[in-house]
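Chemist: Before we start, here is the structure in question, set down as structure tokens.
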Amino acid sequence: MAFEGLSEKITSAFKKLKNRGRLSEADVKSAMREIKLALLEADVNFKVVKQFTKTVTERATGAEILESLSPAQQVIKIVNEELTKLMGGSNQKINISPNPPTVIMMVGLQGAGKTTNGAKLAGLLKKQQQRRPLLVACDVYRPAAIEQLKVVGGKLDIPVFEMGQGDPVEIAKAGVDYAKKNAYDLVLLDTAGRLHIDEALMDELKNIKATVKPAEIMLVVDAMTGQDAVNVASAFDEALGIDGILMAKMDGDARGGAALSTKAVTGKPIKFIGTGEKLGDIEPFHPDRMASRILGMGDMLTLIEKAQENYDAKKAAELEKKVRANRLTLTDFADQLGQFEDPEKMQSMLKMIPGMDASALAGAQVDTKAVGHTKAIIQSMTPKERDNPSIINFSRKKRIAAGCGLKIEDVNRLLKQFEMMQKMTRQFNNMSKKGRKKGGMG
Ligand code: GDP
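Heads up: the sequence shown at position 58 corresponds to 58 in the UniProt record's numbering, and the numbers run straight through without jumps.
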């Protein structure tokens, strides 16, 4: 996931703060210097970084904070809130038209991920909102584009409307008419891209916009291109006017700067993120949850939603209840691991568990083998031990390790991770409780 480097550096700056008792203004300023560098290294727009650090420093050096009982926690809370604000505050949904069909016009440069993510989005809305989507092939210049749309549409069982290499404006109009006649309530137009923004492209997009009056113009940008993605967003917004951004390729090793700067620079919100090449790899963008992930606090809510998608709703609801009540057990942990055979998916899921942040992962080396070990260790325990690992004494640890052919250190490491997960879950609950009180997150 993007943000790994940023996350590590910010958590390390916080660790230094936590190790001190009462904070001085100098302590805060030095932590803020580290955070500023970390943001710049993550390729966040310079002006955005400057404004961000100014705001946080002002808030964090206030007398109220420096004299409070846990100043380090307060500073973390401020950074969390400001990061959330920076990314747009709350999750922004796509515009739904009161008279169906809702037309979403997918635009973007070639290779950004427009076709794939248009299909992903159609698939997500079909699943989550029980919509009947239709994909419309308006990219007539790249012959492979229509074929590609049919392939992804076929995989998701979503029909594709096409008229070969005709006029894109006519195709868009005919596609919307076809949707009306056949009771499709959602139309996604896959428009053409170019390697660069040019007038001909913008004119074509403007014509489509004027003809079909889409409810949402969704720009797809490539997170891997960093600041360029932000420039592309500004240019499309000025020329065409966009409603939302889908930031694709957030799974790559991009440094995350684009996701942090876009809202502040363009004023337009990121509504979704693409997190992989598979057609299920898309998530609604929640600024508060992303801030929490960046700060190494995990993202229990997205984890629960993913769980809902991957297994039955009853189990997911049970999981959420346990998280809220601070009652996660190792059985739940193993259960989660068991749901995901795909190691890549597993990695991204693990990172959402509080305590399994970048720094914890760096130490624990969660690779496929380690995941297999974790499962084996949990399976070697008795059900009672899984529910309450604190009853596991030294001789039991030895037996458990022998039972799965591992070392006692492996068992200790897992128990330590679990303890951290519980601690972070408690923090998460405290934070979201406080957030709820003032009508914020949670
Ligand atoms: P278009 O030219 O804008 O329509 O781009 P495509 O949809 O053809 O995507 C270009 C490439 O990016 C393809 O190889 C996609 O599989 C890949 N891609 C799209 N979205 C993502 C994503 O979220 N993560 C990753 N890793 N790859 C993506």
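We put the beta carbon where it would ideally sit given N, CA and C, even for glycine.
#1: Please name the residue or residues paired with valine 187 in a DSSP beta bridge.
#2: Could I get the ranges of all uninterrupted beta strand (DSSP E) runs contained in the segment 210-238, with 3 residues as the minimum, in chain order?
#3: Among residues of its own chain, excluding the 5 on either side of threonine 57, which ones have a beta-carbon nearer than 6 angstroms to its beta-carbon?
#4: Please name the residue or residues paired with leucine 246 in a DSSP beta bridge.
#5: For alanine 145, which residues from the same chain have a beta carbon less than 8 angstroms from its beta carbon, with the 5 sequence-adjacent residues on both sides left out?
#6: Just to confirm, does glutamate 204 get its C-beta within under 7 angstroms of one of the non-hydrogen atoms of ligand 2?
#7: CB-CB under 6 angstroms to isoleucine 208, same chain, minus the five flanking residues each way: which ones, in chain order?
#8: Measure the Cβ-Cβ separation of phenylalanine 14 and glycine 256 and say whether it is below 8 angstroms.
#9: Skipping 5 residues on each side, what residues in its chain have a beta carbon closer than 7 angstroms to that of isoleucine 408?
#10: Looking only at its chain, what residues have a beta carbon closer than 6 angstroms to the beta carbon of isoleucine 242, apart from the 5 residues adjacent to it on each side?
#11: Could you pull out every residue in the same chain whose Cβ sits closer than 8 angstroms to the Cβ of valine 49, ignoring the five residues on either side in sequence?
#12: Below 7 angstroms, is the gap between the Cβ of glycine 244 and the nearest heavy atom of ligand 1?
#13: Using the DSSP secondary-structure output, state which residues sit across from glutamine 165 in a beta bridge.
#14: Who does proline 284 pair with in a DSSP beta bridge?
#15: Quick check on arginine 289: buried or exposed, where buried means 16 or more other Cβ atoms within 10 Å of its Cβ?
#16: Rounding to the nearest angstrom, what Cα-Cα distance links glutamine 365 and glutamine 130 in this structure?
#17: Got a sec, what are the start and stop residues for the alpha helix (DSSP H) phenylalanine 394 sits in?
#18: Could you give the residue range of the alpha helix (DSSP H) that holds aspartate 139?
#19: Are the segment 402-422 and the segment 376-393 in contact at 8 angstroms, needing three or more beta carbon pairs?
#20: Where does asparagine 91 fall in DSSP's three states?
#21: Check for me: the alpha helix (DSSP H) holding phenylalanine 3 runs from which residue to which?
#22: Is alanine 112 near ligand 1, going by C-beta to nearest heavy atom under 7 angstroms?
#23: Applying the criterion that 16 or more other CB atoms from any shown protein chain within 10 Å of the CB defines a buried residue, is histidine 286 buried or exposed?
#24: Expressed to the nearest angstrom, what Euclidean distance is found between the alpha-carbon atoms of arginine 59 and alanine 112?
#25: Please state if the CB of methionine 421 and the CB of leucine 328 are separated by a distance shorter than 8 angstroms.
#26: Quick one: Cα of phenylalanine 272 to Cα of methionine 87, how far?
#27: Would you say tyrosine 178 and arginine 132 are within 8 angstroms of each other, going by their C-beta atoms?
#28: Pick helix, strand or coil for leucine 17, following the three-state DSSP scheme.
#29: Would you say the beta carbon of glycine 153 is closer than 7 angstroms to some non-hydrogen atom of ligand 1?
#30: Between which residues of its own chain and alanine 254 is the CB-CB distance below 7 angstroms, once the five residues before and five after are set aside?
#31: Report whether the distance from the Cβ of threonine 116 to the nearest heavy atom of ligand 1 is below 7 angstroms.
#32: State the start and end residues of the unbroken alpha helix (DSSP H) segment that holds leucine 118.
#33: Quick one: what does DSSP say arginine 194 is sitting in, helix, strand or coil?
#34: Could you check the C-alpha separation between leucine 125 and aspartate 43 for me, to the nearest Å?
#35: Buried or exposed for lysine 18, going by 16 or more other Cβ atoms inside 10 Å?
Modeler: This is what the structure holds:
#1: Val103, Leu134
#2: 216-222
#3: Met32
#4: Val220, Phe272
#5: Thr115, Ala137, Asp139, Asp190, Ala192
#6: Absent from the structure shown: ligand 2. Ligands present: ligand 1.
#7: Val169, Ala172
#8: no
#9: Lys397, Lys398, Ala401
#10: Ile217, Leu219, Phe236, Lys268
#11: Lys36, Leu39, Leu40
#12: no
#13: Met163
#14: Phe272
#15: buried
#16: Interpretation of glutamine 365 is limited by its pLDDT of 40, a score under 50 that renders its predicted location unreliable; the figure taken from the coordinates is listed afterwards. Rounded to the nearest angstrom, the two C-alpha atoms are 39 angstroms apart.
#17: 394-403
#18: Unbroken run through aspartate 139: none, as it is neither H nor E.
#19: yes
#20: coil
#21: Premise fails: phenylalanine 3 is in no alpha helix (DSSP H) and is neither H nor E.
#22: yes
#23: buried
#24: 38 angstroms
#25: yes
#26: 12 angstroms
#27: no
#28: helix
#29: no
#30: Ala2, Ala223, Met224, Gly226
#31: yes
#32: For the sequence presented, residue 118 should be read as glycine rather than leucine. Element bounds for glycine 118: 114-129.
#33: coil
#34: 32 angstroms
#35: exposed
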